[in-house]
Amino acid sequence: MHGPKPLLWVVWLGFVLIGVEVRHLHAKILSQPAAMIPLLFCAAAVVLIPLCMHGTSAARRATLYWVFGIGILVGLLGVYFHTRFQIEPFLQLFTAEHSPGPQPLAPLALTGLSTIGLFASRLIPGVAATGASPPRTGRVFDR
Numbered sequence: 208m209h210g211p212k213p214l215l216w217v218v219w220l221g222f223v224l225i226g227v228e229v230r231h232l233h234a235k236i237l238s239q240p241a242a243m244i245p246l247l248f249c250a251a252a253v254v255l256i257p258l259c260m261h262g263t264s265a266a267r268r269a270t271l272y273w274v275f276g277i278g279i280l281v282g283l284l285g286v287y288f289h290t291r292f293q294i295e296p297f298l299q300l301f302t303a304e305h306s307p308g309p310q311p312l313a314p315l316a317l318t319g320l321s322t323i324g325l326f327a328s329r330l331i332p333g334v335a336a337t338g339a340s341p342p343r344t345g346r347v348f349d350r
């Protein structure tokens, strides 16, 4: 197996594991709608990534771009929900005391995994970014 597909399977497995971990860590707050956002995203990613990996159509690649783009936003939104963009939770990362609340950087796992998936989906051969193959002229430079 060559190309980006093995990397996309690793990203898929990462979303499975993050979904299980988030379900465990958010168990006490699942009644809050914000706690369901990463779970629903991971579930959607686990379904859509394998469906879009097979084939090289522009629509499948665009769907992967959207999935991973939304994953980046979900991770950043999670940082907001974990910290409300206050500096104190980030400063506690550099102290010896452990805070009992949510970890401020934990949602960035979704952002990082989605970024890897975005770059891997860009490597899928066969379809140009515009959805159509460019004409082959045989020249090195088109003027």
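For the sequence shown, the tail end lands on 350 under this note's numbering, and the numbers increase by one without skipping. By construction, the Cβ of each residue, glycine as well, lies at the ideal position given by its N, Cα and C atoms. On a predicted model such as this, the values are computed, not experimentally measured, just so you know.
Among the options, whose alpha-carbon lies nearest the alpha-carbon of residue i?
i	options	result
Thr318	Arg268, Ile236, Gly282	Gly282
Cys249	His305, Leu320, Ile236, Leu330	Leu320
Leu280	Gly221, Val227, Pro213, Ile244	Ile244
Thr290	Pro311, Leu284, Ser238	Pro311
Specify, as a first and last residue, the run of the alpha helix (DSSP H) that residue i falls within.
i	result
His289	265-290
His231	212-232
Gly262	From DSSP, Gly262 is part of no alpha helix (DSSP H); its letter is neither H nor E.
Gly324	315-329
Glu295	295-298
Taking buried to mean at least 16 other C-beta atoms within 10 Å of its own C-beta, is residue i buried or exposed?
i	result
Ser328	buried
Val227	exposed
Trp219	buried
Phe222	buried
Leu271	buried
Gly278	buried
With a cut-off of 8 Å on the beta carbons, I'd call residue i and residue j a contact; round off their distance for me.
i	j	result
Ala242	His231	Wrong, their Cβ atoms sit about 12 Å apart, outside the cutoff.
Ala252	Val274	6 Å
If you drop the 5 nearest sequence neighbours on each side, which residues of the same chain put their C-beta closer than 7 Å to that of residue i?
i	result
Trp216	none
Phe301	none
Met260	Lys212, Leu215
Quick one: what's got a C-beta closer than 8 Å to residue i's C-beta in the same chain, skipping five residues either side?
i	result
Gly276	Ser321, Leu325
Under 6 Å Cβ to Cβ from residue i, same chain only, skipping five residues before and after it: list those, please.
i	result
Ser306	Gln299
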